[in-house]
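Novice: Right, I'll just put the structure down here and ask away after.
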Amino acid sequence: MNNPTSGIVGFLGLGVMGREMARNLAQAGFTVRAFDIVPGAGDALRQFGVESVSDIPSATSDADIVISMLPDTPQVEDIVRGAGGLLAHPPRGKLFVDMSTIAPEATRKLSQELADIGITMLDAPVSGGPVGAKNGSLTIMVGGDAGGFAQATPFLRAMGTTLNHVGASGAGQTVKLCNQLICGINIQAICEALALARAWEIDLPQMREVLLGGSAASWMLDKLGPAMIEGDVSAGFRIDLMMKDLRLVLEAAQKHPVPLPATALVATQYQNAQAYGEGANGNQALFKVYDRITGQQTAVNK
Ligand code: NAD
């Protein structure tokens, strides 16, 4: 591969994030063969040059690199250990990069099993959401072999602008879980502030502007604040996925015992949203929990 944007990518998982990432890889010049268990998930990507195939080996067998963007640990285990998976059908390029957010410990086990047959696995979860995926501006946190990171870098550059090798196998996932811990607690803090300000009849859009100029400023307040204030629950990063991530954080904190009281409390707020059937809403819709608690509503919900 002399040309840095030539090579075959086997891409698995064409959901909210994966479809944008696969499109960016194709538009950067890579050959992309993509598979999703939902038939037709790749149809809209054909116009961008992504080839949609009907099983995992058709996407992965000839690939220089296999990239996955799947919901959770069991799905990644399935594409590695399942009948059509990478252990049974080793990809030609012997490089696998999992960009989903999954458990660090499971990642290490999969990486070892793959290493036993000569395949390098990197964990490379991302931050930046659907907008970052669409713009190719994701932050990518990579764990695993440094040589594998160097090999994967031209492909990762088509999807992200901030690439960091943060340690051995599982380290990328651990850093991502720390990212999610901070995001979850931050959203909860914004919910509490908005609920208190609303009760005191403060102008919420103005308060957001004021706070963005001071030490309470955050990505969440900037990017998700408007949707929270307007009661826009449309999904970006789903509540179900955030709850999955907080579960992974709490499991990791049991393995190496570290008390995480704020994370545990925030997880119960997300469970409240799920209990009301709101798991498919975007993360910002955690504020609806406060609509219930306070009996007040945001403008759109009234
Ligand atoms: P998603 O549910 O929209 O997409 C996952 C896709 O994987 C679906 O299309 C599903 O059909 C497919 N799939 C499931 N099992 C499969 C299998 N065995 N083989 C092939 N395809 C399979 O999820 P998403 O929002 O794209 O997120 C993907 C991952 O990225 C998750 O781990 C999530 O936590 C993480 N993430 C998401 C965001 C976000 O804002 N949405 C941001 C950062 C990280």
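Numbering (this note's numbering), first residue to last: 928 to 1229. Where is the CB? At the ideal position from N, CA and C, for every residue including glycine.
1. Would the beta-carbon of ILE1300 be found less than 6 Å away from any heavy atom of the ligand NAD?
2. Have a look at the DSSP bridge pairing and note the partners of MET1155.
3. Relative to the C-alpha of GLY1099, which candidate in VAL993, THR1034, ALA986, ALA955 has its C-alpha closest?
4. Sort GLN1002, THR1000, PRO998, SER985 by Cα distance to PRO1017 and report the nearest one.
5. Pick out whichever of LEU1083, ILE1156, GLU1157, MET1134 has its Cα sitting closest to the Cα of GLY1235.
6. Suppose the cutoff is 6 Å on Cβ atoms and the five residues either side in sequence are ignored; what does the same chain contact list for ALA968 look like?
7. Indicate whether ILE1234 and VAL1003 have their beta-carbon atoms separated by less than 7 Å.
8. What is the DSSP secondary structure of ASP1218, counted as helix, strand or coil?
9. Do you know offhand how far LEU972's Cα is from ALA955's?
10. Does DSSP put ASN1208 in a helix, a strand or coil?
11. List the residues that DSSP assigns as beta-bridge partners of ASN1091.
12. Just to confirm, is the Cβ distance from THR1088 to SER1064 under 7 Å?
13. On the CB-based measure, 16 or more other CB atoms within 10 Å of its CB, does ILE1220 come out buried or exposed?
14. Only counting the same chain, and skipping five residues up and downstream in sequence, which positions put a Cβ closer than 6 Å to that of THR958?
15. Would you tell me roughly how many angstroms separate the C-alpha atoms of GLU1157 and ASP1130, rounded to the nearest one?
16. Going by the CB atoms, is the gap between PHE1164 and GLY1059 shorter than 7 Å?
17. Could you give the distance in angstroms between the alpha-carbon of ALA1010 and the alpha-carbon of HIS1183?
18. Quick one: what does DSSP say LEU1168 is sitting in, helix, strand or coil?
19. Measure the alpha-carbon distance for THR987 versus VAL993 and round it to whole angstroms.
20. Taking 7 Å as the cut-off, decide whether the C-beta atoms of SER995 and SER1027 are in contact.
Specialist: The short version:
1. Outside the displayed range of the chain (928 to 1229) lies residue 1300, so it cannot be described from this structure.
2. DSSP output for MET1155 lists no bridge partner at all.
3. THR1034
4. SER985
5. An answer regarding residue 1235 cannot be provided, because it is not within the stretch 928 to 1229 covered by the chain.
6. LEU941
7. Lying outside 928 to 1229, the shown extent of the chain, residue 1234 is not represented and no answer is given.
8. helix
9. 14 Å
10. coil
11. MET1068
12. yes
13. exposed
14. ILE935
15. 12 Å
16. no
17. 33 Å
18. helix
19. 6 Å
20. yes
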